[in-house]
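Keeping their order, the protein sequence lines are chains A and B. Quick note on the numbering used here: the first sequence kicks off at -14 and runs consecutively. Quick note on the numbering used here: the second sequence kicks off at 5 and runs consecutively. By construction, the Cβ of each residue, glycine as well, lies at the ideal position given by its N, Cα and C atoms. The block underneath contains the structure these notes are about, expressed in structure tokens.
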Amino acid sequence: MGQQFLLAWRSIWRQRRRTLITVISIAFGLFFVIALTTLEEGVIRSVINNGAEMQAGHITIEHEEYRLAPSVSLVVPQADELADELEKLSSVEATKILIGGEGVARSGAGAFGIVIAGVEPSIERERSPLADKIVEGEYLDETDAKRVVIGSVLADRLNLKPGKKLVIATNDFDGELVEQLFRVKGIYRTGTDEIDGALVHMQLASARDLFKLPSGSATQIGVILNDLGRVASILPQVEGRLADQAALSAHPWQTIMPGVAGYVVVERSGYLIMEGFLIALVLFTILNTLLMSVTERKKEFATILALGGSKGALRLQVFFEAALIALLGILVGGLAGAYLAYYYSLEGINLQELSGGMDVDVAGVALDTTIYTLFSVPLLLLLCGAMFIATLILSLVPVSRVGNVSISTLLR
Amino acid sequence: MSESQNRAIVETRNVTKVFGKGDIAVHALRGVSLTISQGEFTAMAGPSGSGKSTLLNMIGCLDRPTSGEVFLEGVLTNKLSGTKLSELRRDRIGFVFQSYNLVPVMTAIENAEYILMLQGKSAQERRSRVRDLFQQIGLGGMENRFPNQLSGGQQQRVAIARAVAAEPALVLADEPTANVDTDTGKALMDLMYQLNEERGVTFLVSTHDPTVMERAKRLIRLRDGQIVNE
Ligand SMILES: Nc1ncnc2c1ncn2[C@@H]1O[C@H](COP(=O)(O)OP(=O)(O)O)[C@@H](O)[C@H]1O
Ligand SMILES: [Mg+2]
């Protein structure tokens, strides 16, 4: 076996140029796959996390009927206490208590339908991309009773500036029509009209007061995890905490943000198909090289068989040759790709600068302008391993042909 | 002559070989009967296409005859399995090819040791057997060169070393001097005679080369797949 390995190593370097070209094509292919995968997964992670932080967490707890017919009458009682308890779970980074409802905002300039979000300002300040996108005035504070932050589109429509007043009308917990006066504290702009024209943030207590919710209740609790990958394992634990409250249910982000979930599927399939083509191309190159090298050496193999050498030993040698070429390519491409992924996972890439202005939102979630690649060792190992195994499987074609030589034509 | 020198290494009985079928059938051998005894140096001459290589293929267990029998050291080889034939070639026959056929990724000494390696001999034993041989055949200092760093004559010397290193019953050489110049060819023949005389190696050498035929102790002439005179 050591002998076959040595011969394999020498054999691949007898065709130095061809080996280098093959190694480079594997390296380049893998590098590209790593670059694309870590970037795309970075974008996907960013969209999901942004959505989760801006909306209702990676896991959302709400009244079991809320999904089908959202209404402020369907609440999570004692939301504050439940949230405190959920925060003790491992992998839970934070919880956000939300009151969501619909209403109409009115000023002297007109009236427009809005989406009301009662939030905890301290948490939003820290996490929500909205708080970073204030263009006029300021975001909310814990003490800001009866104040709102609105989007730039709504501000234009209602002709509002920070400090100006507006009236918000809605139906309360009991279904009664109510209206209250609010003052604009800040104006944000995400760049997405559907958000900027509709979403209105107010402090949780103000929302409770507006909707006349029972004290301590809310329409949703969002659970934010420190690792997107833990959703599936944490969800049952969260459900466990709800066991004594039959009317509540917990949903993963895919249920709460179906648009984002759909986007993830489309985006992932898109890049995987592209990578599939690239890998197929690289594998074709490898197959070609290996077959060529076996065909060229028919006489060498025939000599060995004539002298009494075994087909098995020859097959092992050709297998080692393929493995060595693959390993070299994967080493080069893998290290280069890993470095790239690592670098941009720290530095980030300004996608808008890069593409000259791409979509700023995905399924209603504002996209970060700076994307951090997903640097994950298991992911990198998976990509490298897949490439290696694909090459080894491919090498079975030339390996199987090693024995197809005629020893009776050696003497002529 | 001692008894051992008369021992038949090869015996062919009425061996024929037909390539192809019907109209395109080529009768490469038309009933060859031949005995080669231990220690002999036999040259086989004949024009191109007369069946020299085909006969060597039959004797060397690289191909099977269409009819007739081939005995190697008394064993009928026609019906042996591929694996058995492979072992027989490894252990009992040395091959020298017209175009050397060294393994390009092995050094000169690794090529010469190759059969011993296949036989599972230890590295130490291999070295000790081949080192002297290398000196004897004028390859001292060339041990670690690869075939492409050797001249044609040197490569053929390595091939001869490979063929005799494991002390086979018989060495088959198919036009071993055809690819080298006259002087080199003569030197290679000298080497084979020397190995025949000093080590008692049995040789069967096919050739075009008149100088080889002159010097051979025994000469077989082949024409149209038949032995025409001895
Ligand atoms: N594999 C083969 N298929 C068909 N014909 C062959 C094959 N090998 C040899 N022959 C034919 O058999 C005859 C003898 O060939 P060969 O033994 O190579 O002659 P020599 O070695 O004396 O030149 C030739 O006519 C040759 O064309
Ligand atoms: Mg011939």
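One Cα belongs to residue 76 (chain B), the other to residue 13 (chain B), and the distance between them is close to 6 Å. For the stretch 283 to 301 of chain A, residues whose beta-carbon sits nearer than 8 Å to a beta-carbon of chain B comprise 284, 285, 288, 289, 290, 291, 292, 293, 294 and 295.
Contact check for residue 358 (chain A) and residue 27 (chain A): beta-carbon distance about 4 Å, within the 8 Å limit, so the pair qualifies.
Contiguous alpha helix (DSSP H) elements confined to the stretch 272 to 329 of chain A occur at 283 to 291, taking only those with 4 or more residues. Short note on residue 74 (chain B): C-beta not closer than 7 Å to any heavy atom of ligand 1. Annotation: the continuous beta strand (DSSP E) that includes residue 233 (chain B) extends over 230 to 233. At least 8 Å separates the beta-carbon of residue 44 (chain A) from that of residue 253 (chain A). Chain-order list of chain B residues neighbouring residue -4 (chain A): 108 and 109, by C-beta distance under 9 Å. Judged by beta-carbon spacing, residue 46 (chain A) lies within the 8 Å limit of residue 223 (chain A), meaning their Cβ atoms are closer than that value. Residues of the stretch 381 to 392 of chain A with a Cβ closer than 7 Å to any Cβ of chain B, in chain order: 392. Only residues of its own chain outside the window of five on either side were considered, and among them 89 have a CB closer than 6 Å to the CB of residue 96 (chain A), listed in chain order.
Here the distance from the Cβ of residue 397 (chain A) to the nearest heavy atom of ligand 2 is below 7 Å. Residue environment: residue -2 (chain A) is assigned as exposed (fewer than 16 neighbouring CB atoms within 10 Å of its CB, all protein chains considered). Relative to residue 121 (chain A), the option among A:9, A:21, A:171 and A:131 whose CA is nearest is A:171. CA-CA distance, residue 137 (chain A) to residue 371 (chain A), rounds to 48 Å. Per DSSP, the unbroken beta strand (DSSP E) holding residue 188 (chain A) starts and ends at 184 to 188. Residues of chain B with a Cβ closer than 8 Å to the Cβ of residue -1 (chain A) are, in chain order, 108 and 109.
Rounded to the nearest angstrom, the gap between the Cα atoms of residue 190 (chain A) and residue 130 (chain A) is 7 Å.
A distance criterion of 7 Å places the beta-carbon of residue 178 (chain B) in contact range of ligand 2, judged by its closest non-hydrogen atom. Under the three-state reduction of DSSP, residue 335 (chain A) is assigned to strand.
In this model, residue 67 (chain B) and residue 82 (chain B) are separated by some 9 Å (Cα to Cα).
Closest option to residue 271 (chain A), judged by alpha-carbon separation, among A:310, A:16 and A:200: A:310. Per DSSP, the continuous alpha helix (DSSP H) segment holding residue 160 (chain B) begins and ends at 156 to 169. Within the DSSP bridge table, the entry for residue 31 (chain B) names B:22 as partners. A distance below 8 Å between beta-carbons, with the five flanking residues on each side excluded, links residue 32 (chain B) to the following residues of its chain, in chain order: 21, 22, 23, 55, 58 and 229. Listed by position along the chain, the residues with Cβ atoms less than 5 Å from a non-hydrogen atom of ligand 1 are B:23, B:30, B:32, B:52, B:53, B:54, B:55, B:56, B:57 and B:58. Interface criterion not met: the Cβ of residue 41 (chain B) is under 8 Å from no Cβ in chain A.
Excluding sequence positions up to five before and after residue 289 (chain A), its CB lies within less than 7 Å of the CB of 299, all in the same chain and listed in chain order. Across the set A:132, A:259 and A:4, the C-alpha of A:132 shows the shortest separation from the C-alpha of residue 101 (chain A). The stretch -13 to 5 of chain A makes contact with the stretch 304 to 324 of chain A: 3 or more CB pairs, one atom from each, lie closer than 8 Å.
Rounded to whole angstroms, the Cβ separation of residue 103 (chain A) and residue 187 (chain A) is 6 Å, and the two are in contact under 8 Å. Burial is judged here by how many other beta carbons sit within 10 angstroms of a residue's own beta carbon; residue 164 (chain A) has fewer than 16 and is exposed. At least 8 Å separates the CB of residue 313 (chain A) from every CB of chain B.
Around the beta carbon of residue 34 (chain A), 16 or more other beta carbons lie within 10 angstroms, which makes this residue buried. Annotated three-state conformation of residue 186 (chain B) is helix, per DSSP. Looking at the DSSP output, residue 246 (chain A) shares a beta bridge with no other residue.
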